[in-house]
Amino acid sequence: MNDQPEDFWTRVRQGWRVARKQAAAALHDAVNTETVRVAVTGLSRAGKTVFITSAVQNLLAMAEGKGALPKFDDHGVSDRLKKLALRAATSDAPRFPFETNFAALASAAPHWPPRTASLAEIGINFTIRRRHTAGLDFFKLREATLDIIDYPGEWLLDLPMLAEDFAPWSAETLKRMGTGLRAEPAKPFFDYLRSVDLDAPADDDIARRLHDLYLAYLFDARDRLGLRYLQPGGFLCAPPWPKTEAMIFAPLPVAPGRSLKPGSLAALFQKRYDLYRQDMNAHFFDRHFRRFDRQIVLVDVLGALHGGPDVFEDTRLAIQRLADCFNYGGRGMLNPFARGISKVLFAATKADHVPERQRDALQILLGRMAGADIDQMRDSRAVVRTAALASVRCTLDDRAQIDGRDVAVVRGLPMGRDKLVKFYPGEVPLKPPEPDFWSGSFFELPVFQPPKLDVKGASGVPHIALDDALYYLIGDRL
Ligand SMILES: Nc1nc2c(ncn2[C@@H]2O[C@H](COP(=O)(O)OP(=O)(O)OP(=O)(O)O)[C@@H](O)[C@H]2O)c(=O)[nH]1
Ligand SMILES: [Mg+2]
Numbered sequence: 065m066n067d068q069p070e071d072f073w074t075r076v077r078q079g080w081r082v083a084r085k086q087a088a089a090a091l092h093d094a095v096n097t098e099t100v101r102v103a104v105t106g107l108s109r110a111g112k113t114v115f116i117t118s119a120v121q122n123l124l125a126m127a128e129g130k131g132a133l134p135k136f137d138d139h140g141v142s143d144r145l146k147k148l149a150l151r152a153a154t155s156d157a158p159r160f161p162f163e164t165n166f167a168a169l170a171s172a173a174p175h176w177p178p179r180t181a182s183l184a185e186i187g188i189n190f191t192i193r194r195r196h197t198a199g200l201d202f203f204k205l206r207e208a209t210l211d212i213i214d215y216p217g218e219w220l221l222d223l224p225m226l227a228e229d230f231a232p233w234s235a236e237t238l239k240r241m242g243t244g245l246r247a248e249p250a251k252p253f254f255d256y257l258r259s260v261d262l263d264a265p266a267d268d269d270i271a272r273r274l275h276d277l278y279l280a281y282l283f284d285a286r287d288r289l290g291l292r293y294l295q296p297g298g299f300l301c302a303p304p305w306p307k308t309e310a311m312i313f314a315p316l317p318v319a320p321g322r323s324l325k326p327g328s329l330a331a332l333f334q335k336r337y338d339l340y341r342q343d344m345n346a347h348f349f350d351r352h353f354r355r356f357d358r359q360i361v362l363v364d365v366l367g368a369l370h371g372g373p374d375v376f377e378d379t380r381l382a383i384q385r386l387a388d389c390f391n392y393g394g395r396g397m398l399n400p401f402a403r404g405i406s407k408v409l410f411a412a413t414k415a416d417h418v419p420e421r422q423r424d425a426l427q428i429l430l431g432r433m434a435g436a437d438i439d440q441m442r443d444s445r446a447v448v449r450t451a452a453l454a455s456v457r458c459t460l461d462d463r464a465q466i467d468g469r470d471v472a473v474v475r476g477l478p479m480g481r482d483k484l485v486k487f488y489p490g491e492v493p494l495k496p497p498e499p500d501f502w503s504g505s506f507f508e509l510p511v512f513q514p515p516k517l518d519v520k521g522a523s524g525v526p527h528i529a530l531d532d533a534l535y536y537l538i539g540d541r542l
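In short: position in the sequence shown from 1, add 64, done, that's my numbering.
Here it is as C-alpha cells:
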C-alpha cells in the first residue's frame, strides 16, 4: 500500500527524531562512559581476596564521605563523585562474594574470608563529575565502571607454562623437585617413576598412579611446606573447565627435541600437557586475563621471609617468572596478555606486620625479588611501580625493650588469643638475603585477627597505603 504524502513525511520526521536521539545517546555513551579492568593477581595466599574486599568497602565508604581513602580526597575525586554503586552480576563471570567476605571480616568474631576456589568478578559503577566540562552540560557527568576479578593464585603460575613445551617444562620441574625442601615429598613420585618404561605403550593404571603421586607431592609442598611455585596450578585448584582424562599427566624425563614413540606414555602425557595449556589459555587467560587495563601483582614477601631460604627462593623465582611474563620487551609469545595493560603495580602485602620504619625496606626488597625484569619494564610502555601495603590494618606501631634495646614493634591480637601482643618481626633485608641471614631465628609471623569493624561498613576498613595503590591504578581514569 502506498503512503499518503503527509503520512510519509510524518514518518520521516519521526524517524529523524528517533535517529537523532539514538545518535545523541550513542555519542553520550561513547564520550561519557568507560570501563577500567583491573587484574588483581598474586601467588596463592598473597592477599588478593582481602585486597579486593577492603578496596570495595573503602570505595563505598569514600563515596559516603568517610575519608576512607585520603588520596582520593586529596585529588578531589570524592568531591566530584555523585554516585557509586556495585554492579549486579554479569553473564561474564560469577560475582565476587563481596558481601559475604566483608561480613566475615566485620562479624562479632572477626575472621578472614576463605581461600578462593574459582574465578569471580565485581563491577563498581562510578557516576562522577568531570574535572573540566568546557561549559557543556553534555560532558558534565561521566560513568566509569571498575571491573576487578579474583581467582585462585594457583592458576596464575600456569602463565609461564604457555611458553614452554612439555620436555623443557618437565626438565625444569623435575630438577626443582629433586632439590632442597622438595626432594623429600617428591621421593615417592621419583621412586615410582624409575620403575616406569616411558616408551612402552601407554597404560591407564600407570598413568593414573604417576599423576596421583605427582598430585600428592604438589599438595604436600603447598600445604605443609608453604611452597608456591607449583605447576600446573589447575591440579591444585580445579580449573575453569570440567576435569577430564586429559588432565591425567605429570612431568616426565624426556629429552627436548626428541620425537616420542607414538602411543607411548611419554607421547600421551605430552599430548595431554598441550591440551591442558590450550584449555587454560581458552578458558582463563584468553577469556579474562587478556582484557585487562591495569595489573596489580600482590606478593606476601614477609610470608616468604618467614618460610625460610627454600620458601623465599621459591617465591622469588615465581615472582621473577611472572615479571618476565608481563614484560613487554621480553618473551614475545606472552606479550599479548599484557597488550592493553598500561600500569603495573607489584605490592608487598600484609605490611601491618612490620612497623612503619621497615615498610620501605619491604618495598625495596620486593623490587629486587622481581629482578632485572622489573627495571626493564620501567622503560617499556607500561609504568611499573612497587609498593608495600596492608589491605586490612590489624596492628598499631609500638615500641618494646628487647635484650636491653628499644626497638620498633607492632601490637595486635593474634587469632584465637584474647590479649594484645607486641610483636618484633625481625629486620627486613633490603635485598634477597645471603645464606648467613637464615642462621638467626627470624620472622615469627602470627595471623592477626582483623580489627573490629562496623558491620554496615560506614567508616571503611583501616589499611596502610591501600589508597595510594588504588589511586595509582585507577585515579587517572576517574
Ligand atoms: N594482617 C594482615 N593479614 C592479611 C592481610 N591481607 C591478607 N592477610 C592474611 O592473608 C591471608 C590470605 O589472604 P587472601 O586474601 O585470602 O589471599 P588470596 O591471595 O586470595 O589467597 P588464595 O585465594 O588462596 O589464592 C588472610 O586469610 C589473612 O590471614 C592484611 O592486610 N593484613
Ligand atoms: Mg583468594
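From the three backbone atoms N, C-alpha and C, an ideal C-beta is built for every residue, glycine too.
Given the structure is predicted, the values throughout are model-derived calculations rather than measurements.
According to DSSP, residues forming a beta bridge with residue i
{"i": "E420", "result": "For E420, which the question treats as bridged, DSSP gives no partner whatsoever."}
{"i": "T459", "result": "G476"}
{"i": "P265", "result": "S328"}
{"i": "N189", "result": "A149 and T209"}
{"i": "R449", "result": "L409"}
{"i": "I360", "result": "V104 and L409"}
{"i": "I466", "result": "R469"}
{"i": "I528", "result": "A454"}
{"i": "V511", "result": "Per DSSP, none; premise fails for V511."}
{"i": "A110", "result": "Its beta-bridge partners do not exist; DSSP assigns none."}
{"i": "K486", "result": "R475"}
{"i": "R159", "result": "E185"}
Reference residue i, options the options, closest by Cα
{"i": "F554", "options": "P510, E498, F501 and A314", "result": "Given that the chain is displayed from residue 65 to residue 542, the structure contains no residue 554 and the question cannot be resolved."}
{"i": "K146", "options": "V418, E236, G480 and I192", "result": "I192"}
{"i": "L537", "options": "V519, L381 and A119", "result": "A119"}
{"i": "V525", "options": "R206, A170 and S323", "result": "A170"}
{"i": "A451", "options": "A464, D462 and R432", "result": "R432"}
{"i": "P178", "options": "P224, I186 and T113", "result": "T113"}
{"i": "P315", "options": "K325, D229 and Q427", "result": "D229"}
{"i": "A125", "options": "A529, K520 and R541", "result": "K520"}
{"i": "L226", "options": "G290, F253, L339 and R206", "result": "L339"}
{"i": "P489", "options": "A415, V448 and A529", "result": "A415"}
{"i": "A250", "options": "Y256, L534, L257 and M241", "result": "M241"}
{"i": "V100", "options": "K307, Y281 and R358", "result": "R358"}
{"i": "G106", "options": "S503, Y535, P497 and V363", "result": "V363"}
{"i": "G371", "options": "D540, A434 and F501", "result": "F501"}
{"i": "I116", "options": "R475, S455 and L484", "result": "S455"}
{"i": "F349", "options": "N189, L223 and P216", "result": "L223"}
Residue i at chain C interface by Cβ criterion, 7 Å
{"i": "V473", "result": "Checking the listed chains, one finds no chain C in this structure; it contains a single protein chain."}
Per-residue burial, residue i [other beta carbons within 10 Å of its own, 16 or more giving buried]
{"i": "Q68", "result": "exposed"}
{"i": "W219", "result": "buried"}
{"i": "T97", "result": "exposed"}
{"i": "S108", "result": "buried"}
{"i": "E309", "result": "exposed"}
{"i": "T154", "result": "exposed"}
{"i": "L148", "result": "buried"}
{"i": "R77", "result": "exposed"}
{"i": "W80", "result": "exposed"}
{"i": "E185", "result": "buried"}
Spatial distance of residue i from residue j (CA atoms)
{"i": "V418", "j": "P514", "result": "16 Å"}
{"i": "T74", "j": "A87", "result": "20 Å"}
{"i": "A104", "j": "D71", "result": "This sequence places Val at residue 104; Ala is not what is there. C-alpha separation (whole angstroms): 58 Å."}
{"i": "K239", "j": "P304", "result": "29 Å"}
{"i": "F401", "j": "F356", "result": "Per-residue confidence for F401 stands at a pLDDT of 49, beneath the threshold of 50, marking its modelled position as unreliable; no derived number is given."}
{"i": "N165", "j": "P158", "result": "15 Å"}
{"i": "V492", "j": "F512", "result": "19 Å"}
{"i": "A168", "j": "A264", "result": "53 Å"}
{"i": "L494", "j": "L477", "result": "28 Å"}
{"i": "L534", "j": "D255", "result": "49 Å"}
{"i": "D424", "j": "T379", "result": "19 Å"}
{"i": "G187", "j": "I212", "result": "6 Å"}
{"i": "D532", "j": "T459", "result": "19 Å"}
{"i": "A110", "j": "K85", "result": "49 Å"}
Near ligand 2: residue i beta-carbon under 6 Å from a heavy atom
{"i": "K112", "result": "yes"}
{"i": "T180", "result": "yes"}
Residue i CB to nearest heavy atom of ligand 1 below 6 Å
{"i": "C458", "result": "yes"}
{"i": "A454", "result": "yes"}
{"i": "G217", "result": "yes"}
{"i": "K486", "result": "no"}
{"i": "V82", "result": "no"}
{"i": "K407", "result": "no"}
{"i": "M511", "result": "In the sequence as presented, Met is not what sits at residue 511; that position holds Val. Yes, Cβ of V511 sits closer than 6 Å to a heavy atom of ligand 1."}
{"i": "R109", "result": "yes"}
{"i": "K414", "result": "yes"}
{"i": "W176", "result": "yes"}
Residue i: CB within 6 Å of a non-hydrogen atom of ligand 3
{"i": "A434", "result": "Of the ligands one can find in the structure shown, namely ligand 1 and ligand 2, none is ligand 3."}
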